C-alpha cells in the first residue's frame, strides 16, 4: 500500500488530513489524525488485513511517527521509505539509526547515479533491510530497473500492473533474464524480502 502521506500532511502541525480530497471533510473531523493516531490506525489495518508492505505512511520529515510505527509493525510488515529516504545515503543512514523503516524504495533517477544507488543498496542490505527497485511516474520503456533488481538482488520490483508498454517492457526484461539464467536463478518464495541467495 503506497500511502504517500506527505500529500495530506498539514504543514506546520502534527496533523494528517485524510479528508484533503473529500468534499464533505469538515463534517468528518475523525479524518484528521496526529502522527501517533495515524500510526495506530495503520497498525490496526496490519493486524486485521494481510498488508505486507506499507510505503510512505507518514510525511518525509515526521521521523517520530515513522519510528513509532515501525517499532509496532516492522517485524512482519515491510515499512518502505521512499519520500523519507529519497535513495539518499545520508537519509538512509538516519532512517537506519532511528529505526524509522525497514526497506528502501530504490529510484536510481531520483538520487542521480548508479554508484550512489549501489551504495544505498549495500547499506540497506548490511543492515537487514529489504530493497524494492522502483519505476517513477512518467516512465519510459527503458528496462534498466529490471536489470538492477536482478543484478542487485533486491528481490522486489515496483513497476505497476502489466497494462502499458512502459510496465510490460520491465516484466518482459525480467522474463528474458530468467530465460538466460535458467536454473541459476530461483523464485525467492516466502523469503522475498531477503532471499536466501542474497544472504
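Numbering (full-length UniProt numbering), first residue to last: 1 to 199.
Beta carbons are placed, not taken as given, at the ideal position from N, Cα and C, and that holds for glycine.
This structure is a prediction, so every number in the text was calculated from the model and none was measured.
Does the region 73 to 93 touch the region 47 to 58, meaning 3 or more C-beta pairs lie closer than 8 Å? yes
Burial state of residue 176, where buried means 16 or more other Cβ atoms lie within 10 Å: Reading the chain shown from its first residue, position 176 is the one you call residue 176. Under this definition residue 176 is an exposed residue.
Spatial distance of residue 131 from residue 192 (CA atoms): Here the question's residue 131 lines up with position 131 in the chain shown. Here the question's residue 192 lines up with position 192 in the chain shown. Cα to Cα, residue 131 sits roughly 10 Å from residue 192.
Residue 56 at chain C interface by Cβ criterion, 8 Å: Chain labels in this structure do not include chain C; a single protein chain is all it has.
In angstroms, rounded to a whole number, what distance separates the CA positions of residue 14 and residue 27? For the purposes of this step, residue 14 is identified with residue 14 of the chain shown, where counting begins at 1. For the purposes of this step, residue 27 is identified with residue 27 of the chain shown, where counting begins at 1. Rounded to whole angstroms, residue 14 to residue 27 spans 20 Å at the Cα level.
Where does residue 42 sit, in a helix, a strand or coil, going by DSSP? Mapped onto the chain shown, residue 42 falls at position 42. Here DSSP, grouped into helix, strand and coil, assigns residue 42 to helix.
Here's a check: name, in chain order, each residue in its chain whose Cβ is nearer than 6 Å to the Cβ of residue 171, leaving out the five neighbours to either side. Taking the first residue of the chain shown as position 1, residue 171 is located at position 171. Closer than 6 Å at Cβ, skipping near neighbours: 162.
Is the number of C-beta pairs between the region 92 to 99 and the region 33 to 44 that are closer than 8 Å three or more? With the rule of 3 Cβ pairs closer than 8 Å, the region 92 to 99 does not count as touching the region 33 to 44.
Based on Cα-Cα distance, which residue from 4, 31 and 24 lies nearest to residue 17? The count along the chain shown starts at 1 and reaches residue 17 at position 17. Of the listed residues, the one whose Cα sits closest to residue 17 is 31.
Quick one: what does DSSP say residue 177 is sitting in, helix, strand or coil? Along the chain shown, one-based indexing puts residue 177 at 177. Reduced to three states, the DSSP call for residue 177 is helix.
Can you list, in chain order, the residues of its chain whose CB lies under 6 Å from that of residue 154, leaving out five sequence neighbours each side? Mapped onto the chain shown, residue 154 falls at position 154. Around residue 154: 131 and 133.
So what does DSSP say about residue 81, is it helix, strand or coil? For this step, residue 81 is matched to residue 81 along the chain shown. The answer is strand: DSSP assigns residue 81 an E or B state.
Could you name the residues of the same chain whose beta carbon sits closer than 8 Å to that of residue 34, not counting the 5 residues immediately before and after it, in chain order? Here the question's residue 34 lines up with position 34 in the chain shown. 14, 15 and 16.
In angstroms, rounded to a whole number, what distance separates the CA positions of residue 100 and residue 128? Against the chain shown, residue 100 aligns to sequence position 100. Against the chain shown, residue 128 aligns to sequence position 128. Using only the alpha carbons, I get a separation of about 13 Å.
Have a look at residue 23 and residue 60 and give me their C-alpha separation to the nearest angstrom. For the purposes of this step, residue 23 is taken as the residue at position 23 of the chain shown. For the purposes of this step, residue 60 is taken as the residue at position 60 of the chain shown. Cα to Cα, the separation comes out at about 26 Å.
If distances are taken between C-alpha atoms only, which option among 96, 190, 67 and 160 comes closest to residue 140? Numbered from its first residue, the chain shown carries residue 140 at position 140. Per the Cα distances, 160.
How would you call residue 102, buried or exposed, if buried means at least 16 neighbouring beta carbons within 10 angstroms? On the chain shown, position 102 is the one that residue 102 refers to. So residue 102 ends up on the buried side.
So the candidates are 121, 119, 58 and 63; which of them puts its Cα closest to the Cα of residue 7? Numbered from its first residue, the chain shown carries residue 7 at position 7. Considering only alpha carbons, the answer is 58.
For residue 212, report the span of its alpha helix (DSSP H) as first-last. Since the first residue of the chain shown is 1 and the last is 199, residue 212 is not available in this structure.
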